[in-house]
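This report concerns only the one structure given below.
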Amino acid sequence: MAKCILIILFQMSFFMLKGLGQNNKTPLYLTNYTYSNSQNDIGYIRINPATSAQIKTIKIRGEYSKVLTISKDYKLSIGKGKVQPGIKQMDVVLDIKTSKGNFKDTFRIVNNEFIRNKVVAHRGAWKNTGVTENSIAALKNAIAMGCEGSEFDVHMSSDSVLFIHHDPGVQGVSIAKSTSAVLRDIKLSNGERLPTLEDYLKAGIGQNKTKLILEIKMSELGKASSIALTNKVVQLVEKLHAQAWVDYISFDYDVCKEVMKLAPYAKVAYLNGDKAPAELAQNNFFGFDYHFNVLQKNPTWIKEAQQNKLTVNVWTVNDKAMMERLLQENVDFITTNEPELLLTLIGK
Ligand code: MG
């Protein structure tokens, strides 16, 4: 009898702890995840408004506690001359008391050496390098070339594992309707396995030159699955501390808004071409990422975006004359299957 009670008590405590662990995900985020020699202020520590919690106190722990300061309004800054040259990133541990509980979490702050040359390799740099689009090899080529960003597409398996591929199906197999065990066995034409998002992000965050432009695809199973996929993506980016590297794009307006709800710091651009710049600005978008046809039909939108402080990205531009026109209009990014040509045009 006593043994039974002990077992029940043990199981109850296990489930209570498990529940606490699940609810204990930090609702905190930084408004920015980079620093540089000329930028001592990193950003603000904020609490997700969806939680309605209030910050009480924050303490910095770990090896960078003597390097960083927090102001009364929770601005995180680096003390002048305190970071050793050559450091690429810092894992900052914050111990935070809030009205909804206490949290200890790690935030990765990255030395902002990200390249600013407008070149976004569409599905990686694959076309002229002989590797498969959306492969890790294509990402590595874009990084080696010195592109500002490398774009890739994310779907989710039936058991909620995230995979990189453009179409909803790969080699006749539906990603959304298949298990990860089946999908992991699929080989791309360059010999690589179908990459998971986890492997892809791990390959991308070993450097701090090229941003990762993550497209959340609409699920063929409908809106609820697209939103579930979005939640998994943001969770994984945060688990890997990859916030500094990842910008988000999607054709689905609700997916874009879900990313901003989950991760108010995230830079999100809309792909579908049916929203004017003023509406995107009102909804806190980072920018638009529209097909060149949309901008030919709406010739004022580049200027309107610039006036509204939105970034302008245009896809998929492979033609030299069009690249030159867009560079003259001072767009922020050009997404292309010909990153080599665009790099030549900008003189790199
Ligand atoms: Mg894409």
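Just so you know, the sequence shown maps onto residues 1067 to 1414 in the working numbering.
Cβ coordinates follow ideal geometry from the N, Cα and C atoms, glycine included.
Exercise. In this structure, does DSSP put G1270 in helix, strand or coil?
Worked result: For the purposes of this step, residue 1270 is taken as residue 204 along the sequence shown, with counting starting at 1. If DSSP states are grouped into helix, strand and coil, G1270 belongs with the helices.
Problem set entry | Alpha-carbon to alpha-carbon, E1324 and T1117 | Along the sequence shown, read from residue 1 onward, the residue named residue 1117 stands at position 51. Along the sequence shown, read from residue 1 onward, the residue named residue 1324 stands at position 258. Whole-angstrom Cα-Cα distance: 15 Å.
For this session: Would you mind working out which of K1138, G1128 and S1143 sits nearest Y1099, comparing C-alpha positions?
Result: As a position in the sequence shown, residue 1099 is number 33, starting the count at 1. Residue S1143 is the option with its Cα nearest to Y1099.
Problem set entry | Coarse secondary structure for F1049, derived from DSSP in three states | Missing from the structure shown is residue 1049; the chain here goes from 1067 to 1414 and no further.
Problem set entry | Cβ neighbour criterion (16 or more within 10 Å) applied to I1153 | As a working note, residue 1153 is residue 87 in the sequence shown. Per the 10 Å Cβ criterion, exposed.
Problem set entry | Same chain, Cβ closer than 6 Å to R1127, five either side skipped, listed in chain order | Here the question's residue 1127 lines up with position 61 in the sequence shown. Residues of the same chain with a CB within less than 6 Å of the CB of R1127, apart from the 5 flanking positions on each side, are V1159 and D1161 in chain order.
Problem set entry | Touching by the beta-carbon criterion (3+ pairs, under 8 Å), the region 1172 to 1180 and the region 1294 to 1309 | Counting Cβ pairs under 8 Å, three or more are found: they touch.
Exercise. Which residue spans inside the region 1157 to 1217 form an unbroken alpha helix (DSSP H) run of at least 4?
Worked result: With a minimum length of 4 residues, the continuous alpha helix (DSSP H) runs that stay inside the region 1157 to 1217 are 1202 to 1211.
Exercise. Among T1164, K1138, H1232 and S1216, which one has its Cα closest to the Cα of F1180?
Worked result: Locating residue 1180 in the sequence shown gives position 114, counting from the first residue. For the set T1164, K1138, H1232 and S1216, the Cα lying nearest the Cα of F1180 is the one of S1216.
Exercise. Which full runs of the alpha helix (DSSP H) of 4+ residues lie inside the region 1273 to 1348, going along the chain?
Worked result: Here the runs fully enclosed are 1289 to 1305, 1319 to 1328 and 1343 to 1348.
Exercise. For the ligand FAD, which residues count as neighbours when the test is a C-beta closer than 5 Å to any heavy atom?
Worked result: No copy of the ligand FAD appears in this structure; the ligands present are the ligand MG.
Problem set entry | Three or more C-beta pairs below 8 Å linking the region 1235 to 1242 and the region 1203 to 1219 | Below 8 Å, too few C-beta pairs join the region 1235 to 1242 and the region 1203 to 1219 to call them touching: fewer than three.
Exercise. Rounded to a whole number of angstroms, what is the C-alpha to C-alpha distance between E1286 and P1234?
Worked result: Here residue 1286 corresponds to residue number 220 of the sequence shown, with the count starting at 1. Here residue 1234 corresponds to residue number 168 of the sequence shown, with the count starting at 1. When the Cα atoms are used, E1286 and P1234 turn out to be separated by approximately 7 Å.
Exercise. Can you tell which of K1298, S1165, V1380 and V1133 has its C-alpha closest to the C-alpha of Y1120?
Worked result: Position 54 of the sequence shown, counted from the first residue, corresponds to residue 1120. Reading the sequence as shown, one finds Gln at residue 1120 and not Tyr. From the listed residues K1298, S1165, V1380 and V1133, the smallest Cα separation to Q1120 is found for S1165.
Exercise. Rounded C-beta distance between K1184 and I1412? I'm assuming under 8 Å.
Worked result: One-based indexing of the sequence shown puts residue 1184 at position 118. One-based indexing of the sequence shown puts residue 1412 at position 346. 7 Å between Cβ atoms; contact.
Exercise. Anyone know if the C-beta pair for Y1356 and K1333 falls short of 8 Å?
Worked result: For the purposes of this step, residue 1356 is taken as the residue at position 290 of the sequence shown. For the purposes of this step, residue 1333 is taken as the residue at position 267 of the sequence shown. Not in contact: Y1356 and K1333 (Cβ atoms no closer than 8 Å).
For this session: Please work out which residues of its chain come closer than 7 Å, Cβ to Cβ, to F1358, disregarding the five sequence neighbours upstream and downstream, and give them in chain order.
Result: As a working mapping, residue 1358 is identified with position 292 in the sequence shown. The answer, listed in chain order, is V1380, V1383 and M1388.
For this session: Go to S1118, then tell me how far its beta strand (DSSP E) extends in each direction, as first and last residue.
Result: In the sequence shown, the residue the question calls residue 1118 occupies position 52. Per DSSP, S1118 lies in no beta strand (DSSP E) and is assigned neither H nor E.
Exercise. Rounded to a whole number of angstroms, what is the C-alpha to C-alpha distance between P1261 and K1138?
Worked result: Sequence index remark: in the sequence shown, residue 1261 carries index 195 (1-based). Sequence index remark: in the sequence shown, residue 1138 carries index 72 (1-based). Near 44 Å, if we compare the C-alpha coordinates of K1138 and P1261.
Problem set entry | Residues sharing a beta bridge with G1235, DSSP | Here residue 1235 refers to the residue found at position 169 when the sequence shown is read from its first residue. When beta bridges are read from the DSSP output, G1235 appears opposite S1240.
For this session: Closer than 8 Å by C-beta to S1255: which residues in its own chain qualify, once you throw out the five before and the five after it? Chain order, please.
Result: Mapped onto the sequence shown, residue 1255 falls at position 189. Around S1255, the same chain offers T1198 as residues with beta carbons nearer than 8 Å, after the five sequence neighbours per side are excluded.
For this session: Identify, in the order they occur along the chain, each residue of the same chain with its Cβ nearer than 8 Å to the Cβ of R1182, setting aside the five sequence neighbours on each side.
Result: Indexing the sequence shown from 1 puts residue 1182 at position 116. Contacts found: E1214.
For this session: Determine the burial state of P1093: buried for a count of at least 16 other Cβ atoms within 10 Å of its Cβ, exposed for fewer.
Result: Counting from one through the sequence shown, the residue named residue 1093 turns up at place 27. Buried, by the Cβ-count rule.
Problem set entry | V1321 beta carbon less than 8 Å from that of V1312 | Mapped onto the sequence shown, residue 1312 falls at position 246. Mapped onto the sequence shown, residue 1321 falls at position 255. Taking a C-beta distance under 8 Å as the contact criterion, V1312 and V1321 do not qualify as a contact pair.
Exercise. For V1186, which of I1293, T1401 and G1167 has the nearest alpha-carbon?
Worked result: For this step, residue 1186 is matched to residue 120 along the sequence shown. The residue with the shortest Cα to Cα distance from V1186 is T1401.
Problem set entry | Pairwise C-alpha distance: A1203 and I1252 | As a first step, residue 1252 is located in the sequence shown; it is residue number 186 there, counting from the start. As a first step, residue 1203 is located in the sequence shown; it is residue number 137 there, counting from the start. Straight across, the Cα-Cα distance linking I1252 with A1203 is about 16 Å.
For this session: Below 6 Å CB to CB, which residues in the same chain sit around F1399 once its five sequence neighbours on both sides are set aside?
Result: Within the sequence shown, residue 1399 is the residue found at index 333, counting from 1. K1184, V1186 and N1379, listed in sequence order.
For this session: Taking the CB atoms as reference points, tell me whether Y1140 and I1108 lie closer together than 8 Å.
Result: Translated into positions along the sequence shown, residue 1140 becomes position 74. Translated into positions along the sequence shown, residue 1108 becomes position 42. The answer is no: Cβ separation not under 8 Å.
Problem set entry | For K1283 and S1292, the rounded distance between their alpha carbons | In the sequence shown, residue 1292 corresponds to position 226, counting from 1. In the sequence shown, residue 1283 corresponds to position 217, counting from 1. Cα to Cα, S1292 sits roughly 7 Å from K1283.
For this session: Compare the C-alpha of G1339 against each of Y1331, I1113 and F1354 and name the closest.
Result: In the sequence shown, residue 1339 corresponds to position 273, counting from 1. Taking only the C-alpha atoms, the option nearest G1339 is F1354.
For this session: Assign E1390 to one of two classes, buried (16 or more other C-beta atoms within 10 Å of its C-beta) or exposed (fewer than that).
Result: Counting from 1 along the sequence shown, the entry for residue 1390 is found at position 324. E1390 comes out exposed.
Problem set entry | Close-in-space but distant-in-sequence residues of the same chain around L1328 (CB under 7 Å, 5 per side omitted) | Position 262 of the sequence shown, counted from the first residue, corresponds to residue 1328. Hits under 7 Å: N1297 and V1300.
For this session: Answer with buried or exposed for N1200, where buried requires no fewer than 16 other C-beta atoms within 10 angstroms of its C-beta.
Result: Residue numbering aside, residue 1200 sits at position 134 when the sequence shown is read from its first letter. Its Cβ being crowded by 16 or more others within 10 Å, N1200 is buried.
Exercise. How long is the line joining the alpha carbons of L1295 and N1114, rounded to whole angstroms?
Worked result: Counting from one through the sequence shown, the residue named residue 1295 turns up at place 229. Counting from one through the sequence shown, the residue named residue 1114 turns up at place 48. Going from the Cα of L1295 to the Cα of N1114 covers about 20 Å.
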